[in-house]
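Reading through the structure tokens given below for one structure.
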Amino acid sequence: MTKRVHNFNPGPAALPLPVLEQAQQEFLDFEGSGISILEASHRGGLYEQIHNEAIANLRTLLGCGEDYAILFMGGGATTQFALVPMNLLPKGSFAEYINTGHWSLRALAEARKLSDVREIWSSAPTHYDRVPSPEEFHVSPLAAYLHYTSNNTIEGTQFSYVPDSGGVPLVCDMSSDILSHRLDIARFALIYAGAQKNLGPAGVTLVIIRKDLLERSPKDLPSTFSYARMAQENSLLNTPPVFAIYLVALVTRYYLKQGGLAALEAQNQEKARLIYKTIDQSEGFYRGCAHPISRSQMNVTFRLGTEELEKRFLSESEEAGLVGLKGHRSVGGIRASLYNAVTLSSVRHLVQFMRDFQNRYG
Ligand code: PMP
């Protein structure tokens, strides 16, 4: 029997077990072709069908029409930190950024190397414990775009609303909460996300861009950096990461079978609720890091009384078959990542462990 544990890794993270099993089952012989999907030409029909299914499934899940292009790109979300301004920020213009954590700061710093970017709000002074309320920031109507990070993976905070950019194109790093809840895609000009949390394995980055913005890509950009060129070629400008995209197709097919984003949202809300309830009822034994109104449904971050106790929590939880709970090295503490593939049953095991641990050491 294969041993599987309760996986709370922050990304790469848990994938749905039925998807892994299907990939395993068809690994050597994809749909009767006698070859693995890894061995198929990216210009052939076998792969093309999977590539287009991944895109079609994403369109269905997100309710995303043909006025958006869906691209698969390389280099992770980190590369998008640079490609967004390279494509969308004309010389002489500026962009605005909301800084709510490590990754938004990285996005801002990369963009700043290339162009004029302005931070319009930051929770750095309070150690990124929250995101702004809608009244706390103002977007200049002259900005080329507004950038924000919908879920702050390290700090465990999340926007519960889509910022009103007042008509300025809205760009979102959705790496750690894409497909975790329903979304009004029409509010966005561009969404990007590394795949390795809710979409599939590491190695491919999803970019969803409103087609009118493709006109902004400068003609002299290197081809694989250009959203316009990638869109023209249906992301087949060069050899795409075929195996990663194949898994995105299977993962999204599985989500559709589960009932789409509404069903995923309900399950994610319940998972997060169970853990926050355990924290809140612990009378200070567990202390949530995020301001309650900004709490993330995807990454629950909390501390215990001492670092010694946190170490013990991590080693005992691992022994109990609960893995990936160590907080990011930059902040410490505990982080439970509850992406789509983390089951309610895994969360119940974690909650039971937290209660038992408190009984023993509280
Ligand atoms: N943005 C967010 C919100 C993230 O969580 C991460 C990775 N954890 C990144 C960007 C960087 O992604 P990548 O490693 O794919 O470059």
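Going by my numbering, the sequence shown opens with residue 1, and the numbers climb by one from there.
A virtual CB, placed ideally from N, CA and C, is assigned to each residue, including glycine.
### Task
Measuring alpha carbon to alpha carbon, tell me which of THR2, GLN49, GLY11, GLY92 ends up nearest GLY194.
Numbered from its first residue, the sequence shown carries residue 194 at position 194. Comparing Cα positions, the closest option is GLY11.
### Message
ligand 1 and ASN151: does the residue's C-beta get closer than 7 angstroms to at least one heavy atom of that ligand?
### Response
Residue 151 sits at position 151 when you count from the first residue of the sequence shown. Yes - ligand 1 has a heavy atom lying nearer than 7 angstroms to the Cβ of ASN151.
### Message
Could you check if ALA77 belongs to the surroundings of ligand 1, using beta carbon to heavy atom distance under 7 angstroms?
### Response
Indexing the sequence shown from 1 puts residue 77 at position 77. It does: the Cβ of ALA77 is within 7 angstroms (strictly closer) of some heavy atom of ligand 1.
### Message
Using only the alpha-carbon positions, how far apart do ARG295 and ALA143 sit?
### Response
Your numbering for residue 295 matches position 295 in the sequence shown. Your numbering for residue 143 matches position 143 in the sequence shown. Using only the alpha carbons, I get a separation of about 29 angstroms.
### Task
State yes or no: is the C-beta of LEU261 within less than 8 angstroms of the C-beta of MET298?
Stepping through the sequence shown from its first residue, residue 261 is reached at position 261. Stepping through the sequence shown from its first residue, residue 298 is reached at position 298. Result no, Cβ atoms of LEU261 and MET298 do not sit closer than 8 angstroms.
### Task
Express the C-alpha separation of LEU247 and CYS172 in angstroms, rounding to a whole number.
Residue mapping note: residue 172 aligns to position 172 of the sequence shown, counting from 1. Residue mapping note: residue 247 aligns to position 247 of the sequence shown, counting from 1. Taking the straight line joining both Cα atoms gives about 23 angstroms.
### Query
In whole angstroms, what separates the C-alpha of SER140 from that of GLY92?
Translated into positions along the sequence shown, residue 140 becomes position 140. Translated into positions along the sequence shown, residue 92 becomes position 92. Whole-angstrom Cα-Cα distance: 15 angstroms.
### Query
The alpha helix (DSSP H) with HIS102 in it runs from where to where?
Taking the sequence shown and counting its residues from 1, the one referred to as residue 102 is at position 102. Element bounds for HIS102: 102-114.
### Task
Report yes or no: do the segment 209-227 and the segment 81-90 share at least 3 C-beta pairs separated by less than 8 angstroms?
yes
### Under 8 angstroms between C-beta atoms of ILE178 and LEU199
One-based indexing of the sequence shown puts residue 178 at position 178. One-based indexing of the sequence shown puts residue 199 at position 199. Yes, the pair counts as a contact, with Cβ atoms nearer than the cut-off.
### Distance between GLY45 and ARG335 (C-alpha atoms, nearest Å)
Within the sequence shown, numbered from 1, the residue matching residue 335 stands at position 335. Within the sequence shown, numbered from 1, the residue matching residue 45 stands at position 45. Approximately 42 angstroms, taken between the alpha carbons.
### Message
Taking 7 angstroms as the cut-off, is the beta-carbon of GLY194 closer than that to any non-hydrogen atom of ligand 1?
### Response
Position 194 of the sequence shown, counted from the first residue, corresponds to residue 194. Under cutoff, so the answer is yes.
#### Entry: GLY332 to PHE357 span [Cα, whole Å]
Taking the first residue of the sequence shown as 1, we reach residue 332 at position 332. Taking the first residue of the sequence shown as 1, we reach residue 357 at position 357. Cα to Cα, the separation comes out at about 19 angstroms.
### Message
My assumption, with CB atoms under 8 angstroms, is that ARG130 sits in contact with SER123. Please give the rounded CB distance.
### Response
Against the sequence shown, residue 130 aligns to sequence position 130. Against the sequence shown, residue 123 aligns to sequence position 123. Going by Cβ atoms, the distance from ARG130 to SER123 rounds to 5 angstroms, so yes, they are a contact pair.
### Helix, strand or coil at ASP356 [DSSP, three-state]
As a first step, residue 356 must be located in the sequence shown, where it is residue number 356. Reduced to three states, the DSSP call for ASP356 is helix.
#### Entry: In chain order, each beta strand (DSSP E) run of at least 3 residues that lies wholly inside the segment 115-173
116-122, 146-149, 170-173
### Task
List the endpoints of the continuous beta strand (DSSP E) containing LEU325.
Taking the sequence shown and counting its residues from 1, one reaches residue 325 at position 325. Segment: none, LEU325 is in no beta strand (DSSP E) and carries neither H nor E.
### Query
How is the beta strand (DSSP E) around MET73 delimited, first residue to last?
Sequence index remark: in the sequence shown, residue 73 carries index 73 (1-based). Start and end: 68-73.
### Query
How should ARG303 be labelled, buried or exposed, when 16 other C-beta atoms within 10 angstroms of its C-beta is the threshold for buried?
By 1-based counting over the sequence shown, the position of residue 303 is 303. Buried is the call here.
### Task
Assign GLU270 to buried or exposed, taking buried as 16 or more other Cβ atoms, counted over all protein chains shown, within 10 Å of its Cβ.
Within the sequence shown, numbered from 1, the residue matching residue 270 stands at position 270. Flag for GLU270 reads exposed.
### Task
Evaluate ALA341 with the Cβ neighbour count: other Cβ atoms within 10 Å of its Cβ, from every protein chain shown; 16 or more gives buried, anything less gives exposed.
Numbered from 1 along the sequence shown, position 341 holds the residue referred to as residue 341. ALA341 comes out buried.
### Query
Pick from LEU236, LEU62, HIS349, LEU108: whose alpha carbon is nearest that of ARG187?
Position 187 of the sequence shown holds residue 187. It is LEU62 whose Cα lies nearest to the Cα of ARG187.
### Contacts around PHE30, its chain only, beta-carbon distance under 8 angstroms, and the 5 residues preceding and following it disregarded
Counting from one through the sequence shown, the residue named residue 30 turns up at place 30. Closer than 8 angstroms at Cβ, skipping near neighbours: SER36, ILE37, ALA40, LEU46.
### Message
Just to check my reading of the structure: LEU325 and SER317 have Cβ atoms closer than 8 angstroms, yes? What is that Cβ distance to the nearest angstrom?
### Response
For the purposes of this step, residue 325 is identified with residue 325 of the sequence shown, where counting begins at 1. For the purposes of this step, residue 317 is identified with residue 317 of the sequence shown, where counting begins at 1. The Cβ separation is near 5 angstroms, so the contact holds.
### Query
With respect to the alpha helix (DSSP H) encompassing GLY45, which residues constitute its N-terminal and C-terminal limits?
The residue given as residue 45 occupies position 45 in the sequence shown. 45-62 is the span of the alpha helix (DSSP H), which, as asked, contains GLY45.
### Query
Closest by CA to GLY166, which one among SER176, GLU135, PHE353?
Stepping through the sequence shown from its first residue, residue 166 is reached at position 166. Measuring from the Cα of GLY166, the nearest candidate turns out to be GLU135.
#### Entry: Rounded separation between SER345 and SER180 - CA only
Residue 345 sits at position 345 when you count from the first residue of the sequence shown. Residue 180 sits at position 180 when you count from the first residue of the sequence shown. Taking the straight line from one Cα to the other gives about 18 angstroms.
### Query
Which residues bound the alpha helix (DSSP H) around GLU31?
Against the sequence shown, residue 31 aligns to sequence position 31. From DSSP, GLU31 is part of no alpha helix (DSSP H); its letter is neither H nor E.
### Query
From GLU265 to VAL300, what does the alpha carbon distance come to, in whole angstroms?
Working through the sequence shown from its first residue, we reach residue 265 at position 265. Working through the sequence shown from its first residue, we reach residue 300 at position 300. When rounded, the distance between both Cα atoms is 16 angstroms.
### Query
ILE275 and VAL347 look like a contact to me (Cβ under 8 angstroms); what is the Cβ gap, rounded to whole Å?
Residue 275 sits at position 275 when you count from the first residue of the sequence shown. Residue 347 sits at position 347 when you count from the first residue of the sequence shown. Right, their Cβ atoms sit about 7 angstroms apart.
### Message
Does the distance between the C-beta of GLY260 and the nearest non-hydrogen atom of ligand 1 fall short of 7 angstroms?
### Response
Numbered from 1 along the sequence shown, position 260 holds the residue referred to as residue 260. No, ligand 1 has no heavy atom inside 7 angstroms of this Cβ.
### Message
Would ALA23 and LEU250 qualify as a contact pair, given that the criterion is a beta-carbon distance under 8 angstroms?
### Response
Within the sequence shown, the letter at position 23 stands for residue 23. Within the sequence shown, the letter at position 250 stands for residue 250. Contact flag set, yes.
#### Entry: Coarse secondary structure for GLN288, derived from DSSP in three states
Here residue 288 corresponds to residue number 288 of the sequence shown, with the count starting at 1. Reading off the sequence, residue 288 comes out as Gly, not Gln. Residue state, collapsed to three classes: strand.
### Query
Helix, strand or coil: which one does DSSP assign to TYR192?
Position 192 of the sequence shown, counted from the first residue, corresponds to residue 192. DSSP places TYR192 in strand when its eight states are reduced to three.
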